[in-house]
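Numbering (the numbering used here), first residue to last: 1 to 103. Where is the CB? At the ideal position from N, CA and C, for every residue including glycine. Here's the structure, in structure tokens; my notes come after.
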Ligand code: FES
């Protein structure tokens, strides 16, 4: 595992999410009033991007079919998919967003 700088905190407005290419992997950074979260930018249902999905509290809704995923652990709600989306530990250092991931 390596600590990787993804973006500055100011690059992501509160209440939004944005994808970044990290070593060829699309990682979604979600900034909410509950914290900053990192997860794979790929829904576990039909493998579509989660970027741009609406968020509420600690959840993101897939833009395509609406499955709700918990940003903390990637777990889904409902019956469309039972597979989690992989999440990555986030650290904030000064104004930088760092994630711990395998490169
Ligand atoms: S692709 Fe995300 S819920 Fe279907």
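Secondary-structure assignment with DSSP links residue 36 through a beta bridge to 31. In the three-state DSSP reduction, residue 21 falls in the strand class (E or B). By the neighbour-count criterion, in which 16 or more other beta carbons inside 10 Å mark a residue as buried, residue 44 falls on the buried side. Per the C-alpha coordinates, the member of 26, 66 and 48 positioned closest to residue 54 is 66.
The three-state reading of DSSP puts residue 70 in strand, counting E and B together.
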